[in-house]
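Asks: The numbering used here puts the first residue of the sequence shown at 61, with every later residue one more than the last. Quick one: structure below, then a few questions.
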Amino acid sequence: MAKRRGKRSRRQRRILNPHRKIQQVIEGADFINSMPDEILNHILSFIPIDLAIRTSVLSRRWRHAWCELPCLHLRTTAKGIDQTLLSYRRLKIMSFKLCVTHEVTEPQFNSWVEFAMSRNVGELSLTGLLFVYETYNGFPDCFYLSSSLRQLNLVGFDMRPGCTVSWNFLRRLTLSCCSLYDESIANILSGSPNLETLQLFYCDGLLKRLDLSKSPSLSALEIYGWSERSGQMEIVAPHIHYLNLKNSDVGPCTLVDVSSLADAILRIGLNRYRPFMAGFQQYADVLQTMVLKMLAKLQNVERLTFRGGYLLQILSLAMLCGVRLPKLKVQTLTVQTNFARSVIPSIARLLQNSPGLKNLEVHATYVSYIEDADLDEYLRISHGLDSDTCWRSKHEVFPTHETLRFMSDCNGAKMRLLGSFLRLVLRNAKRLEKIVVWLGDSYFSDEQMERLLMVGTLSPNNNVSIEFK
Numbered sequence: 061m062a063k064r065r066g067k068r069s070r071r072q073r074r075i076l077n078p079h080r081k082i083q084q085v086i087e088g089a090d091f092i093n094s095m096p097d098e099i100l101n102h103i104l105s106f107i108p109i110d111l112a113i114r115t116s117v118l119s120r121r122w123r124h125a126w127c128e129l130p131c132l133h134l135r136t137t138a139k140g141i142d143q144t145l146l147s148y149r150r151l152k153i154m155s156f157k158l159c160v161t162h163e164v165t166e167p168q169f170n171s172w173v174e175f176a177m178s179r180n181v182g183e184l185s186l187t188g189l190l191f192v193y194e195t196y197n198g199f200p201d202c203f204y205l206s207s208s209l210r211q212l213n214l215v216g217f218d219m220r221p222g223c224t225v226s227w228n229f230l231r232r233l234t235l236s237c238c239s240l241y242d243e244s245i246a247n248i249l250s251g252s253p254n255l256e257t258l259q260l261f262y263c264d265g266l267l268k269r270l271d272l273s274k275s276p277s278l279s280a281l282e283i284y285g286w287s288e289r290s291g292q293m294e295i296v297a298p299h300i301h302y303l304n305l306k307n308s309d310v311g312p313c314t315l316v317d318v319s320s321l322a323d324a325i326l327r328i329g330l331n332r333y334r335p336f337m338a339g340f341q342q343y344a345d346v347l348q349t350m351v352l353k354m355l356a357k358l359q360n361v362e363r364l365t366f367r368g369g370y371l372l373q374i375l376s377l378a379m380l381c382g383v384r385l386p387k388l389k390v391q392t393l394t395v396q397t398n399f400a401r402s403v404i405p406s407i408a409r410l411l412q413n414s415p416g417l418k419n420l421e422v423h424a425t426y427v428s429y430i431e432d433a434d435l436d437e438y439l440r441i442s443h444g445l446d447s448d449t450c451w452r453s454k455h456e457v458f459p460t461h462e463t464l465r466f467m468s469d470c471n472g473a474k475m476r477l478l479g480s481f482l483r484l485v486l487r488n489a490k491r492l493e494k495i496v497v498w499l500g501d502s503y504f505s506d507e508q509m510e511r512l513l514m515v516g517t518l519s520p521n522n523n524v525s526i527e528f529k
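Here it is, written out as C-alpha cells:
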C-alpha cells in the first residue's frame, strides 16, 4: 500500500509542477536553435519567402536565418523584391524563381536577373506577364553567359539573344508561351552542348525547323500545343530517345528524323474542328496524311502511347479507305480511349501490325472525339462507301459514341463491352503477355471481375495475365 501511495505522489508531483511543461517547451526551442545552419535553412525553404522573413522576429538566432536560404522564390511587388534581395547574403543560389505579378520596368527586371546570375544560380525560373512581354527588349548579356545554370524555365518571353549563348552545363530547358525563331534556337542549342531535355509548351514565333542533329546529349523532347499561327515546323532529332508530342491542330509539327526514338507519346487536338460543319471532308484528308506520316516515322519505337480519341479515329478512317498501316516494333502499347466503334479498327490493326507486342495498357475513359455523323458523311461523299457496312462488318458489337453515352450508368453493359474488347485484343495480339486496364470511374462487383478475368483463360494464349486498376 505504501508503494502505491509513493507512485501516486510522484504522479501528482509531475501534474502539479507547472514548470515542467515550460521547461520542455524551452528545451524544444533550444533544440531547434541548436540545429546547424544547413538544416535550419532546409526547414525554412519549405515555406514561402514572406513567411520565412517573418521568422526573423523569433530570436536573435533567427534574425538573419532567411538571408542564407539556398532557394529564393519571389512572387510580390517590385518594392518587395528589391527589399528582399537587398538583405539576402548567400553567395550561391541553388534555385531562384521570380514571377512578375505587378507592372515593373525593364531596368528593374534586369537588375533582378543580374542578381541571380551574380550568385551563380543553378536552377532559374522567370515568369513575365503580358505587359512585360510587350515592353521588354530582352535579357541582359550576363543571362546568356552562365557556367552555373543547370535548369532554366522561362514563361512569356521573346527569345532573341543579343550575344553568343554559353550555357555549358545546362541540362534542362523549358520554354512556355515564348516566341521562338530559327536563328535564336540555333544559337541556344549550340551554346548548350550538354542539354538533355528540351520542353516547348504553347510557343509561337517564326521557328520553321527545330534541328537537334548537333545536340547528341539531348535525349528527351516535349512539345505541347505548337501554335497554328506559326505554321508548320519540321523536327530533326536523330538522337532523342523520348518524344512527347501534343499537336494543337492540323499539321504544325512534322517528324523528319527521329531514328533513335524508343519511347513516343502522341496526342492531337483539333482546335478548328466543329461538329457537323461543312468542309470536314477536306479537313479529314489533311488529318490522315499527317497521322500516317507521323506513324511511319515511329516504326522502330519500343514504347508507343496514343492519348485521346482523335488519333485512333483518324487511323480507323484511313483503314476503311484502303490505306495500309506500317508494321511496328512496339513492345509496350498504351492507349487512352473509350470503346466506341470508330476507334476499334485502328486498335485491332495496331495489334496485328505489332508482332513483338508484350504489354498492353488501356486507360478506359472519356475522350474528345469526332462525331460519328461527320465520319459517316466523309466516307459517303469522298469515297462512296456505305458507313453502316464499313463499321459493322467486323465490329458491330461496339457502339457509336452516342450509344456509349447512354451506357455510362449501366455497369452490366459496360462489363460486356469491356469483355468484347478483351476478346478482340486476344484475337489480334498473339504474343501478348500482360494486359493492364485502368477502369477510371467504372466499378464492377467481384463476380463481374471474375467473369472478365475468365476471358484470359479462354484465349489460345493462356499465358497472358489481365490486371484491372
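The beta carbon of each residue, even a glycine, is placed where N, CA and C say it ideally should be. Given the structure is predicted, the values throughout are model-derived calculations rather than measurements.
DSSP three-state label for Ile141, please.
Replies: Of the three classes helix, strand and coil, the one that applies to Ile141 here is helix, per DSSP.
Asks: Using 8 angstroms as the cut-off, can you tell me whether the segment 294-301 makes contact with the segment 267-281, which would need three or more C-beta pairs spanning the two stretches below that distance?
Replies: Yes: at least three Cβ pairs fall under 8 angstroms.
Asks: In the DSSP assignment, find the alpha helix (DSSP H) that holds Ile245 and state where it starts and stops.
Replies: First-last of the alpha helix (DSSP H) with Ile245: 242-250.
Asks: For Pro405, count the other beta carbons within 10 Å of its own beta carbon; 16 or more makes it buried, fewer makes it exposed. Which is it?
Replies: Classification for Pro405: buried.
Asks: Along the chain, where does the beta strand (DSSP E) that runs through Leu235 open and close?
Replies: First-last of the beta strand (DSSP E) with Leu235: 232-236.
Asks: What is the rounded straight-line gap between the Cα of Leu240 and the Cα of Glu256?
Replies: If I take the Cα positions, the gap works out to 19 angstroms.
Asks: By alpha-carbon positions, which one of Leu380, Lys389, Glu294 ends up nearest to Lys353?
Replies: Ranking the options by Cα distance to Lys353, first place goes to Glu294.
Asks: Can you tell me whether Met293 is helix, strand or coil according to DSSP?
Replies: Residue state, collapsed to three classes: strand.
Asks: Once DSSP output is grouped into helix, strand and coil, what is the label at Arg511?
Replies: Of the three classes helix, strand and coil, the one that applies to Arg511 here is helix, per DSSP.
Asks: Under the assumption that Thr314 contacts Gln292 (Cβ atoms under 8 angstroms), give the Cβ distance between them as a whole number of angstroms.
Replies: Going by Cβ atoms, the distance from Thr314 to Gln292 rounds to 6 angstroms, so yes, they are a contact pair.
Asks: Would the segment 494-501 count as touching the segment 452-461 if we require 3 or more Cβ pairs under 8 angstroms?
Replies: No, they do not touch.
Asks: Given this structure, state the Cα-to-Cα distance separating Thr425 from Val485, to the nearest angstrom.
Replies: Whole-angstrom Cα-Cα distance: 17 angstroms.
Asks: So Leu186 and Leu209 are in contact, right, with Cβ under 8 angstroms, and what is the actual spacing, rounded?
Replies: Between Leu209 and Leu186 the Cβ distance is about 12 angstroms, and since that is not below 8 angstroms, they are no contact.
Asks: Terminal residues of the continuous alpha helix (DSSP H) containing Asp264?
Replies: Here Asp264 belongs to no alpha helix (DSSP H); instead the beta strand (DSSP E) covers 264-266.
Asks: Would you mind listing the beta strand (DSSP E) stretches within the segment 311-368 that are 3+ residues and don't spill past its ends, in chain order?
Replies: Listed in chain order, the complete beta strand (DSSP E) runs (minimum 3 residues) inside the segment 311-368 are 313-317, 323-328, 363-367.
Asks: Report yes or no: do the segment 126-138 and the segment 150-163 share at least 3 C-beta pairs separated by less than 8 angstroms?
Replies: Verdict: yes, contact present.
Asks: Within 10 Å of its beta-carbon, does Asp434 have 16 or more other beta-carbons around it, so buried, or fewer, so exposed?
Replies: Buried, by the Cβ-count rule.
Asks: With a 10 Å radius around its C-beta and 16 neighbouring C-beta atoms as the bar for buried, classify Ile441 as buried or exposed.
Replies: That one is exposed.
Asks: By a C-beta neighbour count over all protein chains shown, 10 Å radius and 16 as the cutoff for buried, is Tyr343 buried or exposed?
Replies: Counting Cβ neighbours within 10 Å, Tyr343 comes out buried, since at least 16 surround it.
Asks: Identify, in the order they occur along the chain, each residue of the same chain with its Cβ nearer than 7 angstroms to the Cβ of Phe284, setting aside the five sequence neighbours on each side.
Replies: Note that residue 284 corresponds to Tyr in the displayed sequence, not to Phe. Only Phe261, Tyr262, Lys306 meet the Cβ criterion.
Asks: In the DSSP assignment, the alpha helix (DSSP H) including Tyr438 goes from what residue to what residue?
Replies: Unbroken alpha helix (DSSP H) run through Tyr438: 432-443.
Asks: Could you give the first and the last residue of the continuous alpha helix (DSSP H) run that contains Arg487?
Replies: Note, Arg487: alpha helix (DSSP H), 471-488.
Asks: When you compare the CB positions of Arg231 and Gln211, do they come within less than 8 angstroms of one another, or not?
Replies: Their beta carbons are under 8 angstroms apart, which means Arg231 touches Gln211 by this criterion.
Asks: Pick helix, strand or coil for Gln396, following the three-state DSSP scheme.
Replies: Reduced to three states, the DSSP call for Gln396 is strand.
Asks: Pro221 and Asn197 - do their beta-carbons sit closer together than 8 angstroms?
Replies: No, Cβ-Cβ distance for Asn197 and Pro221 is not below 8 angstroms.
Asks: Considering only C-alpha positions, which residue in the set Phe504, Gly416, Cys381 is nearest to His443?
Replies: Measuring from the Cα of His443, the nearest candidate turns out to be Cys381.
Asks: Is there contact here, the segment 457-466 with the segment 359-366, by at least three beta-carbon pairs under 8 angstroms?
Replies: Output reads no: the segment 359-366 does not touch the segment 457-466.
Asks: Just grab the DSSP bridge partners of Trp498 for me.
Replies: Trp498 is bridged to His423.
Asks: Are Phe399 and Phe481 closer than 8 angstroms when you measure CB to CB?
Replies: Going by C-beta atoms, Phe399 is nearer than 8 angstroms to Phe481.
Asks: Helix, strand or coil, according to DSSP, for Phe175 in the structure here?
Replies: Helix.
Asks: Between which two residues does the beta strand (DSSP E) holding Phe528 run?
Replies: 525-528 is the span of the beta strand (DSSP E), which, as asked, contains Phe528.
Asks: So if DSSP puts Val307 in a beta bridge, which residue, or which two residues, is it bridged to?
Replies: The sequence given here has Asn at residue 307, not Val. According to DSSP, which records beta bridges pairwise, Asn307 is partnered with Ile328.
Asks: Sort out for me which residues DSSP pairs Asn213 with in a bridge.
Replies: Ser185, Thr234.
Asks: In angstroms with no decimal places, state the Cα-to-Cα distance between Ser171 and Asp271.
Replies: Spanning the two alpha carbons is a distance of roughly 33 angstroms.
Asks: Classify Cys131: buried if its beta carbon has 16 or more other beta carbons within 10 angstroms, exposed otherwise.
Replies: Label assigned to Cys131: buried.
Asks: Identify the continuous alpha helix (DSSP H) that holds Leu134 and give its terminal residues.
Replies: That residue, Leu134, is in no alpha helix (DSSP H); its beta strand (DSSP E) goes 131-134.
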